[in-house]
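What follows is one structure encoded as structure tokens, with my remarks underneath.
Residue numbers (our numbering), protein chains in the order written: chain A, 108 to 209; chain B, 108 to 209.
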């Protein structure tokens, strides 16, 4: 398995029993997964980036949240503008976006 | 946010619409999340390790699968014995378990 240059894990409050009612889900994090995928596609970063949705990270008060590995950079209070900036400045430009780091 | 020394992402086939019917889920990956948590607890590795369940990684034929970051080590064909060895040899001992790497 080839590890991507950037692997973005976005909390969608997936629960092991199948229900989804958590904070990030309520704050429309599913749309943010879609936004990441779309931005990565448009910027032709798909060979470097992978997006995966996850269960709760336990930091709901900072949601919606994601973490980018292998850098281990955590972002919170995400919205569509934040995702655009993370894709442009971090994934494409190589510089994490301090404004959204948690 | 403090990034853990090892962050283990285990596919439980979580789907964005809430249903769970994927391959890793059918192969009892939910039990493997529980096993990781239990082993990490018993070995007192909880300050170094975090376990998160995820949606599909797209490598179902190798499932159940997990990836450990920041190392970017992928494991497949997981069962309870594999989880024990990963906890003992990789998370505790620092040496990835070649037998299950994919």
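The beta carbon of each residue, even a glycine, is placed where N, CA and C say it ideally should be.
For residue 131 of chain B, the uninterrupted alpha helix (DSSP H) run begins and ends at 130 to 133, by DSSP. Assignment of alpha helix (DSSP H) within the segment 135 to 197 of chain A, counting only whole runs of 4 or more residues, yields 136 to 149, 187 to 192 in chain order. Counting along the chain, the unbroken beta strand (DSSP E) around residue 117 of chain A starts and ends at 113 to 121.
Sequence-distant partners of residue 114 of chain B (beyond 5 residues in either direction) whose C-beta falls short of 6 Å from its own C-beta, in its chain, are 157, 176. Under the 7 Å criterion on CB atoms, residue 171 of chain A is classed as non-interfacial with respect to chain B. In this structure, the straight-line span from the alpha carbon of residue 152 of chain B to that of residue 194 of chain A is close to 33 Å.
Contact annotation: in the segment 177 to 188 of chain B, residues whose CB is within less than 7 Å of a CB in chain A are 177, 179, 181. If you check the CB distance, residue 118 of chain A and residue 190 of chain A do not come in under 7 Å.
At a cut-off of 7 Å between beta carbons, residue 144 of chain A makes no contact with chain B.
Inter-residue distance for residue 134 of chain A and residue 159 of chain B is about 20 Å (C-alpha atoms, whole angstroms). Chain-ordered, the chain B residues with CB closer than 8 Å to the CB of residue 160 of chain A read 121, 123, 161, 162. The C-beta distance from residue 200 of chain A to residue 121 of chain B rounds to 31 Å, too long to fall under 8 Å, and the pair is not in contact. Taking the Cα positions, residue 202 of chain B is about 6 Å away from residue 196 of chain B.
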